[in-house]
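Shown next, in structure tokens, is the structure this report addresses.
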Amino acid sequence: MMEGDAEFWGRYRAISSKLRKRFLRKPNVAEASEQFGHLSRELKQQECLQYAGFCSLAQARCEQTVMNGLGEAEALTEAARLFLKAEVENWELRCPGLEENLQAAINAYNYAVKVYIEINRPALAASLCLEIGYSLKGLERPGEAEVFFQRAAELQYQMPIESLHSLGLAASCKLLTRDYMGALNVFTEMQLTAEQRAPRFPGTNAPIGAFSDIIARSEVARVLLLMLLQPPPQRLAIEHAKTLERYAWESFESPGQSKDSGVIGEAGSSCAVCHSLCR
1 MMEGDAEFWG RYRAISSKLR KRFLRKPNVA EASEQFGHLS RELKQQECLQ YAGFCSLAQA
61 RCEQTVMNGL GEAEALTEAA RLFLKAEVEN WELRCPGLEE NLQAAINAYN YAVKVYIEIN
121 RPALAASLCL EIGYSLKGLE RPGEAEVFFQ RAAELQYQMP IESLHSLGLA ASCKLLTRDY
181 MGALNVFTEM QLTAEQRAPR FPGTNAPIGA FSDIIARSEV ARVLLLMLLQ PPPQRLAIEH
241 AKTLERYAWE SFESPGQSKD SGVIGEAGSS CAVCHSLCR
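Just so you know, the sequence shown maps onto residues 1 to 279 in full-length UniProt numbering.
Okay, structure coming up:
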């Protein structure tokens, strides 16, 4: 490990001095970026994660100066991961703190996502949203994680299956925070999106493959949430009313039901009983 803060800041300032403007001499930004990256890797090996993160941020600023968007995003991502690792270590040890590493990580992730969007790399931006979302969920922060999962779903619009999966993660976070109405809305969005974008079997209207599974599971979740919430008829949205009507007692006797349909039927049966008891 380095002898102390003084050594780190001394080396940091020495590299930063190369970025100062001098008479008839351009700053050597490329060399400074490389040296910041080297210092970051050295500090990472010594488990000085916070200082390593500072160096990666400085490297990102250098890459921004030379208009290297991809290099800037990669350096920001490395900084975010270093700050996040430092936060996770403190969290696992249950060390009290001001969560400055977590905030630094979130800021770096957000900025990296912004850069990837600017250079037209939405898939990479979405992957970072998922990465920080999973990490926040692991840190028992589902409310904050849900925002990133929602953002990932938006960035994955051209990849419908992946987008629906991200929405499912957002819904699970809403369930963890007991935002059942919010979860119901997300599952409804998932079902409607899957129905609209699903390819169909030739000559039929049945959705194909994973879309069919997503539609069925979303509908099961919606019925169960409606059973839990029991909204009064005057506050029941049209799409939710249609879902409940679909699983009236008479519909359970239709032949040729799939396994998923059976699960939905059981949920609908419980829902019908619940509503009859509330009358």
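Glycine included, every Cβ here is placed at the ideal spot set by N, Cα and C.
So what does DSSP say about Pro207, is it helix, strand or coil?
Correct three-state label for Pro207: strand.
If the criterion is Cβ atoms closer than 8 angstroms, does the pair Ala126 and Leu93 meet it?
No, the pair does not count as a contact, with Cβ atoms beyond the cut-off.
Buried or exposed: His240, going by 16 or more other Cβ atoms within 10 Å of its Cβ?
With 16 or more Cβ atoms within 10 Å of its Cβ, His240 is classed as buried.
Could you check the C-alpha separation between Gln59 and Tyr12 for me, to the nearest Å?
Roughly 11 angstroms separates the two Cα atoms.
Taking the alpha helix (DSSP H) that residue 301 falls in, what are its first and last residues?
Absent from the model: residue 301. The displayed extent of the chain is 1 to 279, so no value can be given.
Got a sec, what are the start and stop residues for the alpha helix (DSSP H) Glu140 sits in?
It is not in any alpha helix (DSSP H) - Glu140 carries neither H nor E in the DSSP assignment.
What is the DSSP secondary structure of Arg41, reduced to helix, strand or coil?
In this structure, Arg41 counts as helix in the three-state DSSP scheme.
Whole angstroms is fine: what's the gap from Asn185's alpha carbon to Leu98's?
Approximately 34 angstroms, taken between the alpha carbons.
May I ask you to verify whether the stretch 193-200 touches the stretch 175-184, counting CB pairs closer than 8 angstroms and requiring at least 3?
As far as the Cβ criterion goes, the stretch 193-200 does not touch the stretch 175-184, which means the pair count is below three.
Give the secondary structure of Arg200 by DSSP, where H, G and I count as helix, E and B as strand, and everything else as coil.
The answer is strand: DSSP assigns Arg200 an E or B state.
Can you find the residues in the same chain that come closer than 6 angstroms, C-beta to C-beta, to Val29, ignoring five residues on each side of it along the sequence?
The answer, listed in chain order, is Cys62, Thr65, Val66.
Under 8 angstroms: do the stretch 71-82 and the stretch 97-113 share three or more Cβ pairs, one atom per stretch?
Because the criterion of three Cβ pairs below 8 angstroms is met, the stretch 71-82 and the stretch 97-113 touch.
Just confirm the distance between the C-beta atoms of Ala153 and Leu167, as a whole number of angstroms; I'd bet it's less than 8 angstroms.
Right, their Cβ atoms sit about 5 angstroms apart.
I believe Leu43 touches Cys55 by the beta-carbon criterion, under 8 angstroms. Please report the beta-carbon distance rounded to the nearest angstrom.
At roughly 6 angstroms, the Cβ-Cβ gap stays under 8 angstroms, so Leu43 and Cys55 are in contact.
Are there 16 or more other CB atoms within 10 angstroms of the CB of Tyr247, so buried, or fewer, so exposed?
It counts as buried.
Answer with buried or exposed for Gln35, where buried requires no fewer than 16 other C-beta atoms within 10 angstroms of its C-beta.
Buried, by the Cβ-count rule.
Give the list of continuous alpha helix (DSSP H) stretches no shorter than 4 residues that lie fully inside the stretch 111-171.
Within the stretch 111-171, the complete alpha helix (DSSP H) runs of at least 4 residues are 122-138, 142-155.
If we count the other Cβ atoms within 10 Å of its Cβ and call it buried at 16 or more, is Pro232 buried or exposed?
It counts as exposed.
Tell me whether Glu78 sits in a helix, a strand or coil according to DSSP, three-state version.
Residue state, collapsed to three classes: helix.
Considering only the alpha carbon of each residue, which of Glu131, Val220, Cys95 lies closest to Thr188?
Nearest C-alpha to Thr188: Val220.
What did DSSP end up calling Tyr12 once you bin it into helix, strand or coil?
Reduced to three states, the DSSP call for Tyr12 is helix.
Say the cut is 7 angstroms; is the CB of Gln158 nearer than that to a heavy atom of the ligand COA?
With respect to the ligand COA, the structure shown offers nothing to examine, as it has no ligands at all.
What is the DSSP secondary structure of Cys55, reduced to helix, strand or coil?
It is helical.
On a CA-only basis, which of Ala32, Ile117, Phe148, Leu84 is nearest Ser163? Give me that one, please.
Residue Phe148 is the option with its Cα nearest to Ser163.
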